[in-house]
Every structure is written in C-alpha cells, then in structure tokens.
Amino acid sequence: MTSSRCLTRVALWAFALLTAQVTMHAALAAGDARKSKQAIDRSLAIYVPQNELDAKIFIPQLGAAVSPGKGLEQAALAAGTLYFKSAAMIGPPSEAPFNLVLATHSHWEHKDGNSTLTIKYKLLDSAGNTLLEGEKHDDMNTVKLFETNGFLSLSFGIMKDILSDDELLAKAAAPATLATSTSAAGFDRRLLVNRDKPAQTGTGFFINDHGQVMTAAHVVHGCPLIELKADGKSAGASASAESVLLDLAVVDTGTPSAHSIPLRAGTSFDLGEGVINIGFPLTGVLSGSPNVTRGNISSREALAGAVGQFQFSAPVQPGSSGGPVVSESGELLGVTVASLRVMGLLQRGVIPQNVNFALDARYAVKFMERNKIVFEAVPAKRAPDVHSTTEATLPAVVQVSCYQ
Numbered sequence: 002m003t004s005s006r007c008l009t010r011v012a013l014w015a016f017a018l019l020t021a022q023v024t025m026h027a028a029l030a031a032g033d034a035r036k037s038k039q040a041i042d043r044s045l046a047i048y049v050p051q052n053e054l055d056a057k058i059f060i061p062q063l064g065a066a067v068s069p070g071k072g073l074e075q076a077a078l079a080a081g082t083l084y085f086k087s088a089a090m091i092g093p094p095s096e097a098p099f100n101l102v103l104a105t106h107s108h109w110e111h112k113d114g115n116s117t118l119t120i121k122y123k124l125l126d127s128a129g130n131t132l133l134e135g136e137k138h139d140d141m142n143t144v145k146l147f148e149t150n151g152f153l154s155l156s157f158g159i160m161k162d163i164l165s166d167d168e169l170l171a172k173a174a175a176p177a178t179l180a181t182s183t184s185a186a187g188f189d190r191r192l193l194v195n196r197d198k199p200a201q202t203g204t205g206f207f208i209n210d211h212g213q214v215m216t217a218a219h220v221v222h223g224c225p226l227i228e229l230k231a232d233g234k235s236a237g238a239s240a241s242a243e244s245v246l247l248d249l250a251v252v253d254t255g256t257p258s259a260h261s262i263p264l265r266a267g268t269s270f271d272l273g274e275g276v277i278n279i280g281f282p283l284t285g286v287l288s289g290s291p292n293v294t295r296g297n298i299s300s301r302e303a304l305a306g307a308v309g310q311f312q313f314s315a316p317v318q319p320g321s322s323g324g325p326v327v328s329e330s331g332e333l334l335g336v337t338v339a340s341l342r343v344m345g346l347l348q349r350g351v352i353p354q355n356v357n358f359a360l361d362a363r364y365a366v367k368f369m370e371r372n373k374i375v376f377e378a379v380p381a382k383r384a385p386d387v388h389s390t391t392e393a394t395l396p397a398v399v400q401v402s403c404y405q
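Per our numbering, the sequence shown starts with residue 2, numbered consecutively.
This is the structure in structure tokens:
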C-alpha cells in the first residue's frame, strides 16, 4: 500500500470518527430531546475497567491501532447524561457524590464477517447493593465496523438500550436511591469487578513473614481486587507500595507467612551465575501449579536505555512477571519484569531464545527501605543441591490475579 493511499484511509477513518461523534450528539440534542427533559434526578457513576479502556485492536489496512474502549467511555457518558441528571466515570477516589453506579464489562467477538459487542451490566445503589443485572449486545459487519469506525455508534446504541430499560429506570427512580449518596473515595470498588476472569495474572512471592508479597507493578496496577493463590487456596490482598518506574509493587495479605524469600546481602551476583525462576505462566492454558525453570545470568544489563535490570536465560512466559529470580542457594537476586518481544524480531528474521529481564534486587532493597517494608538479607552461601533450594523456595511463591 502506498503512503498516499494509507494517509487517505487514515483521513477517511478520522472523518468517520468525527461523523460518529456528530451523529451521537445529534441524537442527544434532537431525537432524544424529549427523553432528556425527563432525566431522572439522580447522579450516576459509570465504571468501565481500565483494561477495557486501554485495549487496542491493530488494523493492518491502516497500519494503526484503534482503542474501542475510548468509544465505550464516550458512549457511556453520553447515554448517562441522557437519562440521568448527571453522569461521570468512577475514576480515582474523589469526593464527587453519586446516588447510583453502573458497572459495565464489555466483550468483542469477531466471527463469520460480523463483529458483536456484548456488554454485561450491573446497577448498584450508593450502599453497594445490587439493584439489577443484565446483558445486551449488538453487531455490525466487520468490514463496515472498521471502515466507518463504528465502535462509538455501536457502543452508544447498546448503552442507550441499557439505560432506557424500563425496569432499570424504575429502580433508579425509587425514593431510596435519592436518600443516600457516596463518593468514589467511600465506595468499595471490589463490588464492581468481573470475577468470571481476571484482567491479568502474574506471580508474586512473600518477601517477609508479615504476609507481604512482592510482585511486578504492571500485574496489580489499578486493580480494585487483588487475589493470591497457592496450593488451591485463595486470599485477598491490598496494595501496600508501588513504583511504576521500577515496575515493582508490594501487596499485603494481613496474615503472617511461614515462608519467605531472603535477599542476598549486598545483592551482588556473578555473570554466568546459575539462577532459578518460579512462576505461574499461561493461566488458563497450563495447570495452576508453579513452573520452575533454570538458567544463568546472561548479562549485567538489559535492553538499551533500561536501568536497574539484568538479563537471564531461565525460560519465562506471560504470567511469570513478578516472580522471583533466585540463586542456586535460594537468595533473591531479582524480580522477573519482562521478556524480549519475539514478533518484531521475527519480521527481521531473528529468533531470540530465552532473553528475559529482571529488576536487580539492589533496587528492590531501595524500594523497600523507602516504603519501610521489612525484609531479610542473608550472606551468600555455598549452593546445596538445586532440588533442596527449589523445595525451600516453592512455598513462598504465589499466583497473583488482578480483577477489574
């Protein structure tokens, strides 16, 4: 495709987006004016999970990606203000009061030339009581969806169907819903999450016997509900400290742990030193038992521009993030944070093997000292047999699930 043709497609796509927005606002101002005048005297907060807002679909014809979640956000707000006195997204904790919350969870399915958007929804009052639950969907020809940027119009149509439902409006208008209000700061957002499937999963490990678990920040960032699982048992956890820059987080279970992983005093390591990685990769594909892999420290540095990371060769997969990289004697040397992306290199004819990255434990020490998190440091010791190290480390490692 020539650059001029590509630019033309992008321009047409931008025009389609503008047209969809104008059409939506025209519907608000004209065809639905009568309904708008009868808007319920309630303030509505709308919840759309962050992972859905951030989701992207790559369109080869455009050489660009589209964010359908942004269209859903715009549609939800537009439909909300159509049927309620006011509507706003329930974002970071704030003091803005609301009477009702509409929690939405969307799913796209592309099949047989058609694209279907399904939105599950739940209406709650300010006390967190569920008033109504349901599901609505609509579809569009896939080619037309992408060519006309129909994400916004399709989302708007479904949100209107949800909020104009007679039963929903009747429950929303009940006197009891006006009697009380709350704010994002005072509302338990764990009531809004989808428990059917985690938005993302990773690995964590007990860093002390106080019940605090270290993991990668990108596994738990922005999660209203964090769940830890080990040996078939689940426990909730709350965020205690986080650094997006380091990609490191600590969550607190509130329950003491009999097992934890100590750091190596001085946190030094040797190039080529043998390491063990433990994680819970490929959730839903592999069984729920931990994976143990072995390798060595390949380099003291990582990708160009990355600071505080080293490269190691023990194989990891999606879901391994946040897992411990320990020495053969069981001391923590680093925390798994990333793996080299394969697809871009495959296009260059390069097949990378076991190029993975961990945050150096020296930075974990600084992070924990700054956040007053207790940890143990032990002198480097002669490595026993690897089996003994693995058996001693495994009980301290847990699977981390983020629900949104």
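Glycine included, each C-beta is placed from N, C-alpha and C at the ideal position. Predicted, not measured: the structure shown is a model, and the values here were computed from it.
Integer-rounded CB distance, given that residue j should sit under 8 Å from residue i
| i | j | result |
| --- | --- | --- |
| residue 356 | residue 310 | Wrong, their Cβ atoms sit about 12 Å apart, outside the cutoff. |
| residue 401 | residue 323 | 6 Å |
| residue 406 | residue 334 | As shown, the chain starts at 2 and ends at 405. That puts residue 406 outside it, with no answer to give. |
| residue 261 | residue 208 | 6 Å |
| residue 229 | residue 203 | Their Cβ separation, rounded to whole angstroms, is 11 Å, which puts residue 229 and residue 203 out of contact at 8 Å. |
| residue 1 | residue 44 | The requested residue 1 does not occur in the structure, where the chain is confined to residues 2 to 405. |
| residue 169 | residue 124 | 6 Å |
Cβ-based neighbour list, residue i, same chain, cut-off 7 Å, excluding 5 preceding and 5 following
| i | result |
| --- | --- |
| residue 95 | 184, 185, 186 |
| residue 282 | 292, 317, 318, 319, 320, 321 |
| residue 58 | 66, 67, 69 |
| residue 162 | 137 |
| residue 273 | 297, 298 |
Close Cβ partners of residue i (< 6 Å) along its chain, the five nearest in sequence each way excluded
| i | result |
| --- | --- |
| residue 226 | 191, 194, 404 |
| residue 239 | 253 |
| residue 393 | 331 |
| residue 294 | 278, 315, 316 |
| residue 256 | 212 |
| residue 340 | 317, 357 |
| residue 396 | 260 |
Sequence-distant residues of the same chain with beta carbon closer than 8 Å to residue i, five excluded per side
| i | result |
| --- | --- |
| residue 115 | 140, 141, 142, 143 |
| residue 29 | Below a pLDDT of 50, predicted positions are generally treated as unreliable, and residue 29, at 46, falls in that range; the measurement from the model is reported next regardless. Correct list, in chain order: 37, 79, 82, 83. |
| residue 243 | 218, 221, 222, 249, 250, 251 |
| residue 1 | With the chain running from 2 to 405 in the structure shown, residue 1 is simply not present. |
| residue 307 | 358 |
Spatial distance of residue i from residue j (CA atoms)
| i | j | result |
| --- | --- | --- |
| residue 92 | residue 71 | 14 Å |
| residue 241 | residue 296 | 31 Å |
| residue 107 | residue 299 | 42 Å |
| residue 398 | residue 42 | 50 Å |
| residue 371 | residue 288 | 37 Å |
| residue 73 | residue 121 | 13 Å |
| residue 301 | residue 280 | 22 Å |
| residue 147 | residue 51 | 23 Å |
| residue 201 | residue 285 | 11 Å |
| residue 237 | residue 149 | 43 Å |
| residue 369 | residue 376 | 8 Å |
Going along the chain, which unbroken runs of the alpha helix (DSSP H) with 4 or more residues stay wholly within the region 80–164?
143–148, 152–164
Would the region 381–388 and the region 174–183 be scored as touching if the rule is three or more Cβ pairs under 8 Å?
no
Below 8 Å, how does it come out for the region 232–249 and the region 265–272: are there three or more Cβ pairs, yes or no?
no
Just to confirm the assignment: which complete alpha helix (DSSP H) runs, minimum length 4, are found wholly within the region 173–244?
176–180, 218–221
Suppose only complete runs of 3+ residues qualify. What are the beta strand (DSSP E) ranges in the region 281–357, listed by chain order?
292–300, 310–313, 325–328, 333–340
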